[in-house]
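Visitor:
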Amino acid sequence: MRRLKRQLLFSFAGARRPNRDESIRNEIIDQCLASRKKCRFLECDDQSQRCHKADNLMKLFQSSIFCLQPPGDSYPRRSIFDSILAGCIPVFFHPGSAYVQYIWHFPKDYTHYSVLIPASAVKSGDANIEKLLQMRDEVVKLIPNMIYADPASKLETIEDAFDLTVKGVVDRVEAIRKQKKDGKEANSQNKSLGSISRLGNWEAMNGILSSPKNLGNTAHESGKQ
1 MRRLKRQLLF
11 SFAGARRPNR
21 DESIRNEIID
31 QCLASRKKCR
41 FLECDDQSQR
51 CHKADNLMKL
61 FQSSIFCLQP
71 PGDSYPRRSI
81 FDSILAGCIP
91 VFFHPGSAYV
101 QYIWHFPKDY
111 THYSVLIPAS
121 AVKSGDANIE
131 KLLQMRDEVV
141 KLIPNMIYAD
151 PASKLETIED
161 AFDLTVKGVV
171 DRVEAIRKQK
181 KDGKEANSQN
191 KSLGSISRLG
201 NWEAMNGILS
211 SPKNLGNTAH
221 ESGKQ
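Per full-length UniProt numbering, the very first residue in the sequence shown carries number 1; after that it's consecutive.
Have a look at this one:
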């Protein structure tokens, strides 16, 4: 299940509810169709019968990271359990879909296994499902960075908080060493330039003293005194 390559960010299997004003299925389906590269809609109308075949549903859910689970004729749906069995994270739009009914079967903290998007936000158009789920996906990717892995666990192959800290310290030390090295090279160059300058002055002075003309002038000036 963990090795499945899920090409879709989210998906929805269901049908519209045109006669129910409170239903958000129309908005969900429209958003899914508008995000064709990220979402797939499997229409479950009475004519196609596609949703009556378990293979169709499981293929869809196994290719999706998130599975939208809006209320149908009742708050819970059979699709909720199908998506979980397929390893697809359920996205609920009302607490009654799972949180208050299956307290024996699901964790108390629903954020551990699902996403809740208020139906009112979807209905009003304030909630962009694709953007919200992309954020959730990024947050899930950050989890290993926030925890410390048990060396005996399979998570050891993933960079955890300790690995990132060590890496950060090593990078920082290397940066400091480089700065010091660059500083020493700059100081060395300055010292070399200073030595060359002093040598030039000495050679100039030596030239003045060793020149016969200059020596004569010096003696002549000394005699005058």
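Think of the CB as a built atom: it goes at the ideal place given N, C-alpha and C, for glycine as much as any other residue. From a predicted model like this one, the values you see are computed outputs, not experimental measurements.
At which residues does the alpha helix (DSSP H) containing V91 begin and terminate?
Guide: Run containing V91: none in the alpha helix (DSSP H); it sits in the beta strand (DSSP E), I89 to F92.
Visitor: Using DSSP bridges, identify the partner residues of V115.
Guide: Looking at the DSSP assignment, V115 forms a beta bridge with V91.
Visitor: If we ignore side chains and look at the alpha-carbon of each, how far apart do P71 and C88 end up?
Guide: Cα to Cα, P71 sits roughly 17 Å from C88.
Visitor: Return helix, strand or coil for R16, following the three-state DSSP convention.
Guide: Residue state, collapsed to three classes: coil.
Visitor: Return the first residue and the last residue of the alpha helix (DSSP H) that K83 is part of.
Guide: A small correction: the amino acid at residue 83 is Ser; Lys does not occupy that position in the sequence shown. Element bounds for S83: R78 to L85.
Visitor: Can you tell me which of K167, S11 and I29 puts its alpha carbon nearest to the alpha carbon of P18?
Guide: If we check each option's Cα against that of P18, I29 comes out closest.
Visitor: When the Cα atoms are used, what is the spatial distance from V170 to R177?
Guide: Those two C-alpha atoms are separated by around 11 Å.
Visitor: Check whether the segment 8 to 18 and the segment 62 to 69 are in contact - that is, three or more C-beta pairs closer than 8 Å.
Guide: Yes: at least three Cβ pairs fall under 8 Å.
Visitor: Of the residues R36, G125, S114 and K180, which one's Cα is nearest the Cα of residue 226?
Guide: The chain is shown from 1 up to 225; residue 226 falls before or after that span and cannot be answered.
Visitor: Helix, strand or coil for W202 per DSSP?
Guide: Residue placement at W202 is flagged as unreliable, the pLDDT there being 46, under the threshold of 50; the coordinate-derived value follows with that caveat. It is helical.
Visitor: Once you ignore the five residues that flank R40 on each side, which residues in its own chain have a CB closer than 6 Å to its CB?
Guide: Closer than 6 Å at the Cβ level, and outside the excluded window around R40, lie L8 and S11.
Visitor: Taking the beta carbon of A54 as the centre, do at least 16 other beta carbons fall within 10 Å, making it buried, or is it exposed?
Guide: Per the 10 Å Cβ criterion, exposed.
Visitor: The alpha helix (DSSP H) that contains E27, what's its start and end?
Guide: R25 to A34 is the extent of the alpha helix (DSSP H) around E27.
Visitor: Under the rule that 16 or more other beta-carbon atoms within 10 Å means buried, what is R3, buried or exposed?
Guide: Per the 10 Å Cβ criterion, exposed.
Visitor: Expressed to the nearest angstrom, what Euclidean distance is found between the alpha-carbon atoms of A127 and V173?
Guide: Rounded to the nearest angstrom, the two C-alpha atoms are 45 Å apart.
Visitor: If the criterion is Cβ atoms closer than 8 Å, does the pair S35 and E138 meet it?
Guide: Not in contact: S35 and E138 (Cβ atoms no closer than 8 Å).
Visitor: Count the other CB atoms within 10 Å of the CB of L68; is the residue buried (16 or more) or exposed (fewer)?
Guide: Counting Cβ neighbours within 10 Å, L68 comes out buried, since at least 16 surround it.
Visitor: Is it buried or exposed for K5, if we count other Cβ within 10 angstroms and need 16 for buried?
Guide: Label assigned to K5: exposed.
Visitor: Since A119 and I24 are thought to touch, with beta carbons under 8 Å apart, how far apart are those beta carbons, to the nearest angstrom?
Guide: Contact flag correct, Cβ pair sits at about 5 Å.
Visitor: Since Q62 is in the alpha helix (DSSP H), which residue starts that stretch and which ends it?
Guide: That run of the alpha helix (DSSP H) goes A54 to Q62.
Visitor: Can you name, in chain order, every residue of its own chain whose Cβ lies under 6 Å from the Cβ of M58, other than the five neighbours on each side?
Guide: Answer for M58: A86, listed in chain order.
Visitor: With distances taken from CA atoms, which of Y102, K108 and P90 is nearest I117?
Guide: Considering only alpha carbons, the answer is P90.
Visitor: Given a threshold of 16 other Cβ atoms within 10 Å of its Cβ, counted over all protein chains shown, does K38 qualify as buried or as exposed?
Guide: Under this definition K38 is a buried residue.
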